[in-house]
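To start, the structure itself, in structure tokens.
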Amino acid sequence: MEIVDQRSVVLSEKPPLPWQRIDLKWIIIGLSVVVVAYLGLVPLGFLIWQSFFTPQTAAKAAQFTLGNYGTAYTSVETLRLFLTSLKFSLGTAVFAFITGTTLAWMNERTNTPFKNLFFALSIIPLIIPGILFTVAWILLASPKIGLLNLALQSWFQTDYVFFNVYSIWGMIWVEGLHYSPMAFLIMTAAFRSMDPSLEESALMSGASVFQVAWHVTLKLAWPAIFATLLILFIRAIESFEVPALIGLPVGIHVFTSSIYQAIHQYPSNVGLASAYAVTLLLITTVAVYFQSRLSGKGSKYSTMTGKGFRPRPMDLGKWRYLTAGMFILYFAMIVALPFLVLLWSSFQKFYSVPSVDALKTLTFDAYRFVLGYPTLIDSVWNSVVLAFASATLIMLLTSVICWIVVKTKIPGRWLLDNLASLPMVFPGLVLGLAVMVFYLNADIGIYGTLWIMLLAYVTRFMPYGLRYCTTSMMQIHKELEESASMSGASWATNFRRIILPLLKPGLLAGWIYIVIVSIRELSTSILLYSPGTEVVSIVVWELWENGQYVELSALGVMFIVALFALVLFAQWLGRRFGVKEM
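25 is the number of the first residue of the sequence shown in the working numbering; add one for each residue after it.
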């Protein structure tokens, strides 16, 4: 037998090259951390930096100043702006909460007829984009052309204005109705997870149905109530469509509409807009902080135990017909009336009130105009590209972030989680402003292109992807990865062959959700688009500004039908791949 000298074998082996000693895992982790930090911190830093400069013109360069904060914090006009924003946001949150919670309680705790059908239909209002919902209610409740006013004035033979959408209460009505399905779904989940035996005990003790609802059900659901109110408040104070379309024409200003006006005046006062944005950012940050604090203290309100229970609905007697009527009336106000008024308007040459004479002038001219609109095809393509690309990038990025946060013991991983969640406190318009400010100063060739909008979309919706991924990642046991590693699998193989397939339900659910909300997005896009990079929501906005109401209605009908078809396809896809969380 030939004896081989071990020293010669060792000497004959080539040492690994420098790049072969680098672990791919740390490269991907490092890149993910850098990308998240870049997306979350850089726009914020430049937004704050820009708030200290005067407007720049062709004749005068921008200069350092504290005047923007003086205007934003010390003037009487800003105090009025703050109080109006607070009134609008609190009013919207309370109205949406009362409406959604009442319907959720009737749906989960009573024997109201048609409640199963209503729950199935609850997703439909979420499909209608905010700008179209706002336009529809302007056509319904405007003092001069509103169908509801005209119908009641004709009925009662009077000139009295029954509804005036152009008021702070009109703004609260429209925004509150639009966000009430969110409150309905959140509170439905809270009521469904609550042990109803406590309510049954109160009923057996002689309490009425409404006493049980007030003294037992709502008190046990307090964490969900507070969290829902905070979410609604944040969504209301960052909203743009209602303040811009309803508030601005009559001089009702809130932070988002003031930011928009400061940008679009001449010279563009980006510094003042940034100071307003910092104020709005502080408000949303405080609200998100309280929401996160509350979520960690909900255990003392827990009523769900290991014992099985079967909810028994409360018998409302004859009152159940009233609650069924409330369901029908609500669905009419939030879906039927807005869609029907857009549908009717889309078949007119000029916007007119429904009548027998108007039926004789129905036409498809508005649809022909929209289908031949110069930027329509490009805007649809841009919307689809941005939605699909942002959803894909977000889910891939957040899958790595979630693995680091959930599956590793890397020091400081909590900071990475906070960085990835940071854009959640950015209102859409503020984020659009921050991205605009940064890429105006750091000219790398993407300003005015789809790339800047893609970066903004990825930043804005990254926290949503993180939520979907985290939920699924926590269900994957570490033994699966350990077994693969012991069998010789590398980190890349482990992640590609084990983690990603097991994350598929969460990844797909998050991807679908981000696609839908990206296609509807307006507030971020309104400051970043340029000729050639319009999306569908921007085309709707332009038609409204041009006063082309029937053409806007036709595009709105097509937009809503397309989104509804997309949601149906998403639901089928979810059932096909076993997605539980949509």
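We put the beta carbon where it would ideally sit given N, CA and C, even for glycine.
- Taken through DSSP and simplified to helix, strand or coil, F77 comes out as strand.
- Separation of the CB atoms of A207 and T123 is rounded to 7 Å, and the pair is thereby assigned contact status at 8 Å.
- Beta-bridge annotation (DSSP): F279 is not paired with any residue.
- Taken in chain order, the complete alpha helix (DSSP H) segments of 4 residues or longer contained in the stretch 335-370 are 343-355 and 361-370.
- The three-state reading of DSSP puts F264 in coil, since its state is none of H, G, I, E or B.
- DSSP, reduced to helix, strand and coil, places T134 within a strand of the structure shown.
- Under DSSP, F88 forms a beta bridge with F77.
- At least 7 Å separates the beta-carbon of L296 from that of F121.
- Taking one beta carbon from each stretch, the stretch 142-157 and the stretch 551-568 have 3 or more pairs nearer than 8 Å; the two touch.
- In this structure, S542 lies near L410, with their beta-carbon atoms less than 7 Å apart.
- The Cβ atoms of S281 and A268 lie closer than 7 Å to each other.
- Approximately 7 Å separates the beta-carbon atoms of W427 and M497; this is inside 8 Å, confirming the contact.
- Annotation: K168 to P555 spans about 34 Å, alpha carbon to alpha carbon.
- In this structure, P79 sits away from F462, with a CB-CB distance that is not shorter than 7 Å.
- With respect to the 7 Å criterion, A301 and N293 are not classified as neighbours on the basis of their beta carbons.
- Of the candidates L597, I425, M460 and G580, I425 places its Cα closest to the Cα of I523.
- For the pair F215 and A128, the CB atoms are nearer than the 7 Å cut-off.
- For T473 and L479, the gap between their C-alpha atoms comes out near 11 Å.
- Inter-segment contact for the stretch 306-315 and the stretch 446-461 is present: three or more beta-carbon pairs are separated by less than 8 Å.
- Where M460 is concerned, the enclosing alpha helix (DSSP H) starts and stops at G452 to N465.
- K433 carries a coil assignment under DSSP once its states are collapsed to helix, strand and coil.
- When rounded, the separation of the alpha-carbon atoms in N188 and L71 is 37 Å.
- Going by DSSP, T158 is part of the alpha helix (DSSP H) stretching over G154 to A165.
- The alpha-carbon separation between F142 and E132 amounts to approximately 11 Å.
- Here L464 is exposed. Its C-beta has fewer than 16 other C-beta atoms within 10 Å.
- When rounded, the separation of the alpha-carbon atoms in Y553 and P362 is 28 Å.
- Judged by DSSP in its simplified three-state form, D183 adopts coil rather than helix or strand.
- Residue environment for T98: exposed (fewer than 16 other C-beta atoms within 10 angstroms of its C-beta).
- For S547, the three-state secondary structure derived from DSSP is coil.
- Residues of the same chain with a CB within less than 7 Å of the CB of A117, apart from the 5 flanking positions on each side, are L253, L256, F257 and A260 in chain order.
- Using a 10 angstroms sphere on the CB of A165, the tally of other CB atoms reaches 16 or more, which defines it as buried.
- Cβ contact annotation for I307 (same chain, cutoff 7 Å, sequence separation greater than five): I261, in chain order.
- In this chain, the alpha helix (DSSP H) harbouring R392 covers D389 to L395.
- Secondary structure note for E566: its alpha helix (DSSP H) is the uninterrupted segment V560 to E569.
- G472 carries a coil assignment under DSSP once its states are collapsed to helix, strand and coil.
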